[in-house]
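Chemist: Note that the sequence shown covers residues 50 to 460 in the numbering used here.
A virtual CB, placed ideally from N, CA and C, is assigned to each residue, including glycine.
Take this structure, written in structure tokens, and hold onto it; I'll ask about it next.
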Amino acid sequence: MLSLSMDEAKSPPRASSRTARFALMVCFLVALIDGYDTLMLSFVAPLISKEWGMPPGAFGKVFAVSFAGAVVGAIALGAAADRFGRRKLLLASLFSAGCFIVLSAWSTTPEQLMLWRFLSGIGLGGAIPTISALAAEHAQPAHRSATVSRMFLGFPIGAVAGGAITAALMQQVGWRGIFIGGGVLALALLPLVFAVSEPERNPSRADTPAARAKHPIAELVSDGRGLGTALISLAAFMILLVSYFLLSWTPSVLSMIGMSAQRSALAGVMLNVGGVVGAFAMSFVVARRSPLGPVAICLGLGALLVPFFGFHLVGSEVAAFCLVFVIGLLIIGGQMNIPALCVHYYPANVRATGVGLSMSIGRIGSIVGPLLGGFLVGAQLPWSQLFLLAAVPALLAAAALGWIAHRTRRA
Numbered sequence: 050m051l052s053l054s055m056d057e058a059k060s061p062p063r064a065s066s067r068t069a070r071f072a073l074m075v076c077f078l079v080a081l082i083d084g085y086d087t088l089m090l091s092f093v094a095p096l097i098s099k100e101w102g103m104p105p106g107a108f109g110k111v112f113a114v115s116f117a118g119a120v121v122g123a124i125a126l127g128a129a130a131d132r133f134g135r136r137k138l139l140l141a142s143l144f145s146a147g148c149f150i151v152l153s154a155w156s157t158t159p160e161q162l163m164l165w166r167f168l169s170g171i172g173l174g175g176a177i178p179t180i181s182a183l184a185a186e187h188a189q190p191a192h193r194s195a196t197v198s199r200m201f202l203g204f205p206i207g208a209v210a211g212g213a214i215t216a217a218l219m220q221q222v223g224w225r226g227i228f229i230g231g232g233v234l235a236l237a238l239l240p241l242v243f244a245v246s247e248p249e250r251n252p253s254r255a256d257t258p259a260a261r262a263k264h265p266i267a268e269l270v271s272d273g274r275g276l277g278t279a280l281i282s283l284a285a286f287m288i289l290l291v292s293y294f295l296l297s298w299t300p301s302v303l304s305m306i307g308m309s310a311q312r313s314a315l316a317g318v319m320l321n322v323g324g325v326v327g328a329f330a331m332s333f334v335v336a337r338r339s340p341l342g343p344v345a346i347c348l349g350l351g352a353l354l355v356p357f358f359g360f361h362l363v364g365s366e367v368a369a370f371c372l373v374f375v376i377g378l379l380i381i382g383g384q385m386n387i388p389a390l391c392v393h394y395y396p397a398n399v400r401a402t403g404v405g406l407s408m409s410i411g412r413i414g415s416i417v418g419p420l421l422g423g424f425l426v427g428a429q430l431p432w433s434q435l436f437l438l439a440a441v442p443a444l445l446a447a448a449a450l451g452w453i454a455h456r457t458r459r460a
């Protein structure tokens, strides 16, 4: 039988509303920094490649190493946050990330840059599951999923705002100045994080001798959660695979069929805007119910629209942009609710570990998606077949989450 978190039934006393709002604001700012850092690297990559004479495509290793660091950080530091406390691990994560982002500015070779990006990735990767748990434990028990969903809007907002700031300042300060600024922003949050109160957790679960003796990752599969954990991990992998497939290749495909570079780039913006709108709308839906069913429905509908987009690529640009927006709303918006799914599913004593595991596996999907897209585009498949194949991961993710939702309703 699948198990859901029962913390709502036995919640510890919450902090005051003012303290909770402050903690949620800090978590939002950390998510914003992560979004800024992710897009910052994309913007400075052409400048670094030109300065160092790197061949086209060689910078992909730097992106891959950054994601790899985030995978390691999410698993290792997420589990540590469940053992040693949220605030301590968030302080350590932000401090290390900020220092290594600043050190990236003094890189003189690709190997040095990859080292610093791997280490900064560990720091930011560990911050994400920690802020998910921290936000959940400062939220009202009935609104935990919605609170986490809204808090993670900081990531796309940070990505868009950071991209605009980077584009405006890049010529004045260069790529080294951009890295220094990003690191300083992360370090500037440390006093705010230090002021966040450590939430109380349910002592009946987190502080028993049996709970202390068992590793947090082992706890993820105990009490009937094994199959649910596997299916959530599968869904996270598939959702991020198709999300990054679409984000990476939709503008390129539209350009290949004759759309101007400016108009095709707008398609990528529409995907992200749709994702923000979808995640925000979903936060109201999950405020009063489990996010499992609604996210599964969104992914299923999105999976139906992806091949429809592939079959109607040649036609009205307005129709294409509308389809891209709705696909982003359903699939990217669903992807942004992965942490909220985990917050709903796992008890407090393994909440950060659960988010860390799912986000780590999802990050692997975000690497596989663009690579798979490149292989399929290189194979010169018809566009209709390309997007038909892209719909399969979304369908699998919808099926996995739908099955969990069905079983937990019966439990």
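Note the first and the last residue of the continuous alpha helix (DSSP H) segment covering Tyr394.
Modeler: Here the alpha helix (DSSP H) through Tyr394 covers Ile387 to Tyr394.
Chemist: I need the DSSP call for Glu268, collapsed to helix, strand or coil.
Modeler: Helix at Glu268.
Chemist: Residues in the same chain with beta-carbon distance under 7 Å from Ile150, minus the five sequence neighbours each way, listed in chain order, please.
Modeler: Within the same chain, Ile150 has close Cβ partners Asp86, Ser169, Phe228, Gly231, Gly232 and Ala235.
Chemist: Let's see if you can read the secondary structure: which residues bound the alpha helix (DSSP H) around Pro343?
Modeler: Residues Leu341 to Phe360.
Chemist: According to DSSP, simplified to helix, strand and coil, what is Ser198?
Modeler: Helix, per DSSP.
Chemist: CA-CA distance, Ser407 and Trp101?
Modeler: Each residue's Cα considered, the two are about 36 Å apart.
Chemist: Under DSSP, the alpha helix (DSSP H) around Gly411 begins and ends at which residues?
Modeler: Looking at the DSSP string, the run of the alpha helix (DSSP H) that includes Gly411 is Arg400 to Gly427.
Chemist: If you count every other CB in all the chains shown that lies within 10 Å of the CB of Ala237, and 16 or more means buried, which is it?
Modeler: Exposed, since its Cβ has fewer than 16 Cβ neighbours within 10 Å.
Chemist: Are there three or more Cβ pairs, one per stretch, closer than 8 Å when the stretch 397-406 is compared with the stretch 110-129?
Modeler: Yes, the stretch 397-406 is in contact with the stretch 110-129.
Chemist: Can you tell me where the alpha helix (DSSP H) with His187 in it begins and where it stops?
Modeler: First-last of the alpha helix (DSSP H) with His187: Pro159 to His187.
Chemist: Do you know whose CA, among Leu444, Val392 and Val318, lies nearest Gly351's CA?
Modeler: Among Leu444, Val392 and Val318, the Cα nearest to that of Gly351 belongs to Leu444.
Chemist: Mind checking which residues open and close the alpha helix (DSSP H) that includes Pro240?
Modeler: Pro240 -> alpha helix (DSSP H) spans Leu239 to Ala244.
Chemist: In this structure, how does DSSP classify Pro95 when only helix, strand and coil are distinguished?
Modeler: In the structure shown, Pro95 sits in a helix (DSSP, three-state: H, G or I).
Chemist: For Asn374, which residues from the same chain have a beta carbon less than 6 Å from its beta carbon, with the 5 sequence-adjacent residues on both sides left out?
Modeler: The identity of residue 374 in the sequence shown is Phe, whereas the question assumes Asn. Closer than 6 Å at Cβ, skipping near neighbours: Met319 and Gly323.
Chemist: Which residues in the same chain have their Cβ closer than 7 Å to the Cβ of Ser332, if we skip the five residues on either side of it in sequence?
Modeler: Correct list, in chain order: Ala195, Ser198 and Arg199.
Chemist: Using the beta-carbon count (16 or more within 10 Å), is Leu48 buried or exposed?
Modeler: Any question about residue 48 goes unanswered here, given that the chain covers just 50 to 460.
Chemist: For Ala369, report the span of its alpha helix (DSSP H) as first-last.
Modeler: First-last of the alpha helix (DSSP H) with Ala369: Glu366 to Ile376.
Chemist: Considering only the alpha carbon of each residue, which of Leu435, Ala345, Gly327 and Gln429 lies closest to Gly359?
Modeler: Checked all of Leu435, Ala345, Gly327 and Gln429; the closest Cα to Gly359 is Leu435.
Chemist: Which residue wins for smallest C-alpha separation from Ala69, given the options Ala184, Val120 and Met163?
Modeler: With distances taken between Cα atoms, Ala69 lies closest to Ala184.
Chemist: Anyone know if the C-beta pair for Phe243 and Ile410 falls short of 7 Å?
Modeler: Result no, Cβ atoms of Phe243 and Ile410 do not sit closer than 7 Å.
Chemist: In chain order, what residues of the same chain lie with their CB nearer than 6 Å to the CB of Val114, ignoring the 5 residues before and after it?
Modeler: Around Val114: Met163, Arg166 and Phe167.
Chemist: Leaving out five residues before and five after Val291 in sequence, what residues of the same chain have Cβ atoms less than 7 Å from its Cβ?
Modeler: Cβ neighbours of Val291 beyond the five flanking positions: Ile380, Gly418, Ala439, Pro442 and Ala443.
Chemist: Starting from Trp298, trace the alpha helix (DSSP H) in both directions and tell me its first and last residue.
Modeler: Per DSSP, Trp298 belongs to the alpha helix (DSSP H) from Gly275 to Met305.
Chemist: Given a cut-off of 7 Å, decide if Gln384 and Ile288 are closer than it, judged by their beta-carbon atoms.
Modeler: Against a cut-off of 7 Å, the Cβ pair of Gln384 and Ile288 comes out as a contact.
Chemist: Taking C-alpha atoms, which residue in Ile97, Ala284 and Leu241 lies nearest to Gly349?
Modeler: Of Ile97, Ala284 and Leu241, the residue nearest in Cα terms is Ala284.
Chemist: Cα-Cα, which of Ser313, Gly327 and Val245 is closest to His187?
Modeler: Looking at the Cα atoms, Val245 is the closest of the given residues.
Chemist: Give the DSSP-derived three-state secondary structure of Val335 in the structure shown.
Modeler: Correct three-state label for Val335: coil.
Chemist: Less than 7 Å separating the beta-carbons of Pro205 and Val325?
Modeler: The answer is yes: Cβ separation under 7 Å.
Chemist: Between Gly203 and Gly377, how many whole angstroms is the CB-CB distance? I'm expecting something under 8 Å.
Modeler: Not a contact, Cβ separation roughly 18 Å.
Chemist: Could you check if Cys371 is buried or exposed, using at least 16 other CB atoms within 10 Å of its CB as the buried criterion?
Modeler: It counts as exposed.
Chemist: Contact defined as beta carbons within less than 8 Å: I believe His393 pairs with Arg136. What is the distance between those atoms, to the nearest angstrom?
Modeler: Their Cβ separation, rounded to whole angstroms, is 23 Å, which puts His393 and Arg136 out of contact at 8 Å.
Chemist: Under the assumption that Leu78 contacts Gly211 (Cβ atoms under 8 Å), give the Cβ distance between them as a whole number of angstroms.
Modeler: In fact, because the Cβ distance is near 12 Å, the residues do not count as touching under 8 Å.
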